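*Asks:* Take this structure, written in structure tokens, and hold onto it; I'll ask about it next.
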Amino acid sequence: MPYYVYIIQCKDGSFYTGYTKNLDSRMKLHVNGKGARYTRMHKPKKLVHVEEFSSRLEAIKREKRIKKLTHCQKLELVKSKPC
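Each number in the numbering used here comes from the position in the sequence shown (counting from 1) with 7 added on.
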């Protein structure tokens with residue numbers, strides 16, 4: 008079963024990055040306020056980016072790399088164009 012790294016755009020314009028095995032289930036948790044603490048405080052607006060990996064380790068490494076990006080770099084990633 009694949010692992011997914013995803014980026015959610017929140018209603019305040021910020022981004023939340025996470026990883027999961029079950030993307031649909033995880034998104035429902037975020038939307039219903041039962042996901043990560045961050046998405047409880049910054050309500051999710053929409054899923055804007057998803058990457059698929061064959062191993063948990065690959066997904067965790069990618070999640071960490073994305074979390075180190077600036078807001079502008081995350082915008083470039085989700086929109087595939089420069090800021």
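C-beta: ideal position from N, C-alpha, C; glycine also.
Values in this document were obtained by computation on a predicted structure and should not be read as measured data.
So, with DSSP's three-state summary, where would you put Thr77?
*Replies:* Thr77 falls in the coil class under three-state DSSP.
*Asks:* First and last residue of the alpha helix (DSSP H) that includes His91?
*Replies:* Summary: the structure shown does not reach residue 91, with the chain confined to residues 8 through 90, and so no result is reported for it.
*Asks:* Between Tyr13 and Leu54, how many whole angstroms is the CB-CB distance? I'm expecting something under 8 angstroms.
*Replies:* Correct: roughly 6 angstroms between the Cβ atoms.
*Asks:* For Lys52, which three-state DSSP category applies?
*Replies:* Lys52 falls in the strand class under three-state DSSP.
*Asks:* Three or more C-beta pairs closer than 8 angstroms, one from the stretch 57-74 and one from the stretch 32-43: is that the case here?
*Replies:* These segments do not touch.
*Asks:* Do Glu65 and Gly25 have their C-beta atoms within less than 9 angstroms of each other?
*Replies:* Cβ atoms of Glu65 and Gly25: not closer than 9 angstroms.
*Asks:* Sorted by chain position, which residues of the same chain lie with C-beta nearer than 6 angstroms to Val57's C-beta, five sequence neighbours on each side aside?
*Replies:* Closer than 6 angstroms at the Cβ level, and outside the excluded window around Val57, lie Tyr11 and Tyr13.
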